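Everything on this sheet refers to the single structure shown next.
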Amino acid sequence: MTNQQQLRALVVTAHPDADSATASTAAAVARGLLRGGYAEVERHDVLAAGFDPTFGSADHAAYRDRTVVPADVRAEQRRLEEFDAIAVVFPVYWWGLPGPLKGWVDRVFTRDWAYDDTNSGAELAAPKRLYFFPIGAVGESTYRKHGYLDGMNAQLVDGLANYMGAEDSGLFLLGDGESDDPDRHRAREVAAEDAAASVAARIADGAAA
Numbered sequence: 036m037t038n039q040q041q042l043r044a045l046v047v048t049a050h051p052d053a054d055s056a057t058a059s060t061a062a063a064v065a066r067g068l069l070r071g072g073y074a075e076v077e078r079h080d081v082l083a084a085g086f087d088p089t090f091g092s093a094d095h096a097a098y099r100d101r102t103v104v105p106a107d108v109r110a111e112q113r114r115l116e117e118f119d120a121i122a123v124v125f126p127v128y129w130w131g132l133p134g135p136l137k138g139w140v141d142r143v144f145t146r147d148w149a150y151d152d153t154n155s156g157a158e159l160a161a162p163k164r165l166y167f168f169p170i171g172a173v174g175e176s177t178y179r180k181h182g183y184l185d186g187m188n189a190q191l192v193d194g195l196a197n198y199m200g201a202e203d204s205g206l207f208l209l210g211d212g213e214s215d216d217p218d219r220h221r222a223r224e225v226a227a228e229d230a231a232a233s234v235a236a237r238i239a240d241g242a243a244a
């Protein structure tokens with residue numbers, strides 16, 4: 036993409052509650068991306084779409100034997116190929132992605148689509164801008180104190196985005212996902228929108244240059 040007006044982003048979640056803190060935060064991220072210069076932002080909940088995150092025998096065969104990926108995986112890949120950037124919004128489960136999103140990554144971000152570790156020369160079609168918005172149950176200090184934030188960065192930014200050769204990536208930890216204080220939820224949504232707007236602005240400016 037070379038024109039700022041063409042930039043499109045997809046905000047991905049996998050949550051069973053449409054009224055959750057995750058859903059409201061995803062909406063804030065979408066607003067921020069639009070505010071920062073993206074022309075179009077769509078939302079995609081993996082569970083609501085009916086995608087099966089279970090890595091099964093067909094996925095294993097596709098990886099081992101270099102055969103065609105399952106049809107539902109290829110459909111998901113084609114969906115992602117429509118966008119310049121992917122923003123993943125999720126509640127932190129055991130210091131990482133919740134199961135459905137981890138399975139989504141395992142199944143969809145396949146060899147010769149997301150990465151080339153065998154020098155096959157495959158033309159990688161996965162979007163090259165990946166952003167992560169984890170929502171912690173508590174504040175950021177707990178995640179920094181115990182090294183959990185470093186762990187998430189290592190797994191998602193270094194281990195996934197950078198391994199794919201991402202042009203741009205980042206992780207923006209948000210807090211108070213289980214707070215009883217509405218003001219804390221509003222503050223998290225403001226922080227999410229501002230972080231997304233900042234990311235979008237720098238990428239959109241670069242695309243327009």
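For the sequence shown, our numbering gives the first residue as 36, with consecutive numbering after it.
Ideal placement from N, C-alpha and C gives every residue a C-beta, glycine not left out.
In this text the structure is predicted, and so the values were computed from the model without any measurement.
Item to complete: Using only the heavy atoms of the ligand COA, determine whether one of them is closer than 7 Å to the beta carbon of ASP54.
Response: Absence of the ligand COA is noted for the structure shown, with no ligands found whatsoever.
Worksheet item: Can you give, in chain order, each stretch of the beta strand (DSSP E) that sits fully within the segment 157-190 and has at least 3 residues?
Response: Here the runs fully enclosed are 164-170.
Worksheet item: How close, in whole Å, do the beta carbons of GLY67 and ALA189 come, if the pair is a contact with beta carbons under 8 Å?
Response: The beta carbons of GLY67 and ALA189 sit about 25 Å from each other, so the pair does not count as a contact at 8 Å.
Practice prompt. Along the alpha helix (DSSP H) that carries PRO126, what are the first and last residues, could you check?
Written response: Looking at the DSSP string, PRO126 is not in any alpha helix (DSSP H); the run it does join, the beta strand (DSSP E), is 120-126.
Item to complete: Would you mind stating whether ASP31 and ASP107 have Cβ atoms separated by less than 8 Å?
Response: Lying outside 36 to 244, the shown extent of the chain, residue 31 is not represented and no answer is given.
Worksheet item: How close, in whole Å, do the beta carbons of GLU116 and ALA160 come, if the pair is a contact with beta carbons under 8 Å?
Response: 5 Å
Discussion item. Check this for me: beta carbons of LEU208 and LEU184, under 8 Å apart or not?
Written reply: yes
Discussion item. At 3 residues or longer, what runs of the beta strand (DSSP E) sit wholly inside the segment 53-93?
Written reply: 75-80
Fill in: Short Cβ contact (8 Å threshold) for ASP215 with GLY174
No, the Cβ-Cβ distance between ASP215 and GLY174 is not below 8 Å.
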